Amino acid sequence: MLGAIANRPRGIGASTRDSVVRPLKFVGDDEALVKALRARHPGAGEVLYDRYGTHVQRVLARVVGVDAELPELLHDVFVQALESIHSIREGARLKAWLTSLAVFTARGCIRRRSRRSWLRFQAPENLPERSIDTLDSDAREELRTTYRLLEQLPVDLRIAFTLRFIAGMELTEVAEACRVSLSTVKRRLARAERLFLARAKRHPVLADRLDPDLTRRRR
Amino acid sequence: MNGLSEFGERIAGIQDRILCENDHLEEVRQRIPRDVTSGFSRRRRTVLASAALAAGIAVVAFFLMSSPRPLTVAVGEASDFEIGAWIAAPSAESLPVRFSDGSAVHLDPLSGARVTSVTAHGARVLLERGSAKVEVIPREDSDWRLDVGPFSVRVTGTQFHVAWSPGQEIFSLRMLSGSVVVSGPMVQQGRVLSAGETFRAWVGENRMEIASPGEAVRDPAPEASTRVERHEPTVPTVSSAETGRAAPKSIGTIYPPWQSLARDGRYNEALDAVQQIGIGRVLARSSAADILLLGDAARLAGRVGSATRAYKTARRRFPRSDAASMAAFSLGRMAFDQQQDFTQSSKWLEVYLDEKPGGSLEREAMGRLIEAHTRAGASAKASSVARRYLARYPSGPHARYAKNALDETRE
Numbered sequence: 352m353l354g355a356i357a358n359r360p361r362g363i364g365a366s367t368r369d370s371v372v373r374p375l376k377f378v379g380d381d382e383a384l385v386k387a388l389r390a391r392h393p394g395a396g397e398v399l400y401d402r403y404g405t406h407v408q409r410v411l412a413r414v415v416g417v418d419a420e421l422p423e424l425l426h427d428v429f430v431q432a433l434e435s436i437h438s439i440r441e442g443a444r445l446k447a448w449l450t451s452l453a454v455f456t457a458r459g460c461i462r463r464r465s466r467r468s469w470l471r472f473q474a475p476e477n478l479p480e481r482s483i484d485t486l487d488s489d490a491r492e493e494l495r496t497t498y499r500l501l502e503q504l505p506v507d508l509r510i511a512f513t514l515r516f517i518a519g520m521e522l523t524e525v526a527e528a529c530r531v532s533l534s535t536v537k538r539r540l541a542r543a544e545r546l547f548l549a550r551a552k553r554h555p556v557l558a559d560r561l562d563p564d565l566t567r568r569r570r
Numbered sequence: 126m127n128g129l130s131e132f133g134e135r136i137a138g139i140q141d142r143i144l145c146e147n148d149h150l151e152e153v154r155q156r157i158p159r160d161v162t163s164g165f166s167r168r169r170r171t172v173l174a175s176a177a178l179a180a181g182i183a184v185v186a187f188f189l190m191s192s193p194r195p196l197t198v199a200v201g202e203a204s205d206f207e208i209g210a211w212i213a214a215p216s217a218e219s220l221p222v223r224f225s226d227g228s229a230v231h232l233d234p235l236s237g238a239r240v241t242s243v244t245a246h247g248a249r250v251l252l253e254r255g256s257a258k259v260e261v262i263p264r265e266d267s268d269w270r271l272d273v274g275p276f277s278v279r280v281t282g283t284q285f286h287v288a289w290s291p292g293q294e295i296f297s298l299r300m301l302s303g304s305v306v307v308s309g310p311m312v313q314q315g316r317v318l319s320a321g322e323t324f325r326a327w328v329g330e331n332r333m334e335i336a337s338p339g340e341a342v343r344d345p346a347p348e349a350s351t352r353v354e355r356h357e358p359t360v361p362t363v364s365s366a367e368t369g370r371a372a373p374k375s376i377g378t379i380y381p382p383w384q385s386l387a388r389d390g391r392y393n394e395a396l397d398a399v400q401q402i403g404i405g406r407v408l409a410r411s412s413a414a415d416i417l418l419l420g421d422a423a424r425l426a427g428r429v430g431s432a433t434r435a436y437k438t439a440r441r442r443f444p445r446s447d448a449a450s451m452a453a454f455s456l457g458r459m460a461f462d463q464q465q466d467f468t469q470s471s472k473w474l475e476v477y478l479d480e481k482p483g484g485s486l487e488r489e490a491m492g493r494l495i496e497a498h499t500r501a502g503a504s505a506k507a508s509s510v511a512r513r514y515l516a517r518y519p520s521g522p523h524a525r526y527a528k529n530a531l532d533e534t535r536e
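Those protein sequence lines, which keep their order, are chains A and B. The numbering of the first sequence is the working numbering, which starts it at 352 and goes up by one. The numbering of the second sequence is the working numbering, which starts it at 126 and goes up by one.
Here you go:
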């Protein structure tokens, strides 16, 4: 079903010469939205962004961390989505498809940074986020340490770990986003969990969070 | 699993708070509609540009493949090491930094260093604090350099033990085998050191000594058997009484307990001893050197509050002294390493550079200042310092980082 998209309606009450063309807001489900995007209906791109901008931003933030490059990555995902909208098989799977695009955009970013890391002492993802001043220092430290440890994991393990534990996705959703089988995801998660916990135990900030019982016993 | 899920949920919550305050959605939305129409051609343009780039890369790769590969580095158990990353040895054991040619730098407990570059023939290591045993496997084309405070040690194939105390500005190098060339303050032209020799320098005092094989240099004053070379200062200096920095003490001086503990690296015990006396009383009555020592002990014990108090007291009680400048540098370093407050760090490093132009820690302060500005997002300031750094230290340990900072601004 194709939603209601008006073709070049004129502004109400405006004269012909001064008229402003404003596409009506698209109304319809994901399947209809995909058809509208394929037909390049005006306004469809904006609806796609309205509907999934926040979700995509969150997925990127979970995998890469919140940093200065986030807006660029978000932009890349949507440009890519609009360019490759013809490749989506099931319109109803739009959200999962966008999630996967976001995951692979994030993956590219992480790999690019690690390739460039020999050029610099600190990768841009470590740049401090200025607006986190309102957070308490414990939260700030916890976030920084977590992503510093995640940087040490191989990229595919990091992605599986962040999607499962930080984004809170189901195993099947993680598998679909990473375009791998369920058993591969399980293997990656088991390895990622082991590596992350081994490293986290050496950081007092995270050790306390991950194993409060252990901390109590130590005290 | 439950623990990790709860932990992840918490991390997600923190991120959401940041995203809430830092809403990029509207900013990106403004660019999306334009890209719907023009974005299609972007990829095609990119493909053409990529093809041209790939051809260029292929040519460069051909030359790169035919040249030898740089050494690889492993720190402790980890092999995923990043060049330039801060390496800190734990408090109870040493940390080996191993290179693929068999060479190694064993950082002593609580020492900190960075491997600033690696080539096929060697590496450049910056020892920022503490001490290390260095073992370089001798080869014809070896090219190893160790930067320690204001000193630079050129190594061919050798074993030695090196130490640097930034707080007290004391450098020491004990040769175990082979030879090195050390250069820096008082040895600008470079001085060859051979097996068995020990070199020691008190930068603040502008004094150095070299002990021949079989002679021991005792800490902190030279013995009669050692050759002592007193260098006249090239710039006017203030006396130790003015600076508050204690002159080197003679052998047999009995130090008050907390100072001995701090010098032995027993920082927590030293701080406990200070607490017994009362930190306010100690700070009010001690010399500048002791206050800096207390600040360093607190910093190395991770007690940022006490360290800040000590350094700020040194600046208040001994204004315009070497100790005050040293305290500014230490505050900058602590904000960088321990608090990761890069804005604060750059502020204090700038104070040090203003107060001590050409000071013994200028190179390190400028290098760190470039990093601090970069990490605080102040790229224009980082470029400005990077330009100054390259003009003054074109082959310094931060030279590559400075060039990179300049390139990024140009982009």
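Glycine is no exception: its CB is placed at the ideal position from the N, C-alpha and C atoms. Computed from a predicted model, the values in this text were never measured in an experiment.
- For the pair Lys481/B and Ser509/B, the CB atoms are not nearer than the 9 Å cut-off.
- For Pro310/B, there is no enclosing beta strand (DSSP E), since its DSSP letter is neither H nor E.
- DSSP, reduced to helix, strand and coil, places His286/B within a strand of the structure shown.
- Interface with chain A (9 Å Cβ-Cβ cutoff): Gln400/B is excluded.
- Interface residue (Cβ-Cβ distance to chain A less than 9 Å): Ala137/B is classified as such.
- C-alpha of Ser465/A to C-alpha of Glu475/B: approximately 31 Å in a straight line.
- When the five nearest sequence neighbours on each side are left out, the beta carbons in the same chain lying within less than 6 Å of the beta carbon of Glu493/A are those of Val556, in order along the chain.
- Its chain contains Leu388, Phe429, Leu433 as the residues whose beta carbon lies nearer than 8 Å to that of Gly396/A, once the 5 sequence neighbours on both sides are disregarded; these appear in chain order.
- Shown in chain order are the members of the region 518-538 of chain A whose Cβ falls below 8 Å from a Cβ of chain B: Ala518, Gly519.
- If you draw a 10 Å sphere on the C-beta of Pro215/B, you find fewer than 16 other C-beta atoms in it, and that means exposed.
- At a beta-carbon threshold of 8 Å, the residues of chain B lying near Arg560/A are Phe132, Arg135, ordered along the chain.
- Classified as exposed, Ser534/A has fewer than 16 neighbouring CB atoms from the shown chains inside 10 Å of its CB.
- Scanning chain B for C-beta atoms nearer than 8 Å to the C-beta of Thr456/A yields nothing, as the closest lies near 13 Å away.
- In summary, Asp397/B is exposed, with fewer than 16 beta-carbon neighbours lying within 10 Å of its beta-carbon over all protein chains present.
- Contact annotation: in the region 423-450 of chain A, residues whose CB is within less than 7 Å of a CB in chain B are Leu425, His426, Phe429, Val430, Leu433, Glu434.
- Within 7 Å of the CB of Val417/A, the CB atoms of chain B belong to Gln140, Ile143, Leu144, in sequence order along the chain.
- Listed along the chain, the chain B residues whose CB falls inside 9 Å of the CB of Thr405/A are Leu144, Leu150.
- Put simply, the backbone Cα of Arg553/A is about 20 Å away from that of Leu508/A.
- In this structure, the alpha-carbon of Thr456/A lies about 11 Å from that of Cys529/A.
- Three or more Cβ pairs drawn from the region 522-534 of chain B and the region 496-507 of chain B lie within less than 8 Å of each other, which places the two stretches in contact.
- One alpha carbon belongs to Ala516/B, the other to Arg493/B, and they sit about 16 Å apart.
- For Gly459/A, the closest C-alpha among the options Thr497/A, Ile517/A, Glu420/A, Arg444/A is that of Glu420/A.
- Of all residues in the region 255-271 of chain B, none comes within less than 7 Å of chain A when Cβ atoms are compared.
- At a cut-off of 9 Å between C-beta atoms, Val153/B counts as an interface residue with respect to chain A.
- The three-state reading of DSSP puts Gly128/B in helix, counting H, G and I together.
- Taking 8 Å as the upper bound for CB-CB distance, Pro522/B and Leu318/B are not in contact here, some 21 Å apart.
- At least 9 Å separates the CB of Arg545/A from every CB of chain B.
- Contacts with chain A (Cβ-Cβ distance below 9 Å) from the region 470-484 of chain B involve no residue at all.
- Listed by position along chain A, the residues whose Cβ is nearer than 9 Å to that of Leu129/B are Phe512, Arg515, Phe516, Glu544, Phe547, Leu548, Leu561.
- Residue environment analysis places Asp266/B among the exposed positions, since fewer than 16 neighbouring C-beta atoms fall within 10 angstroms of its C-beta.
- Any Cβ of chain B closer than 9 Å to the Cβ of Ala453/A would place that residue at the interface, and such an atom is absent.
- In the displayed model, Ser242/B falls within a strand according to three-state DSSP.
- Inclusion of Val312/B and Met333/B in the CB contact set at 9 Å is warranted, their separation being smaller than that value.
- If the five residues before and after Ala551/A are omitted, its C-beta is found closer than 7 Å to the C-beta atoms of Leu500, Leu557, Ala558, Leu561, all from its own chain and listed in chain order.
- For Gly430/B, the enclosing alpha helix (DSSP H) starts and ends at 429-442.
- Per DSSP, the unbroken beta strand (DSSP E) holding Glu253/B starts and ends at 248-261.
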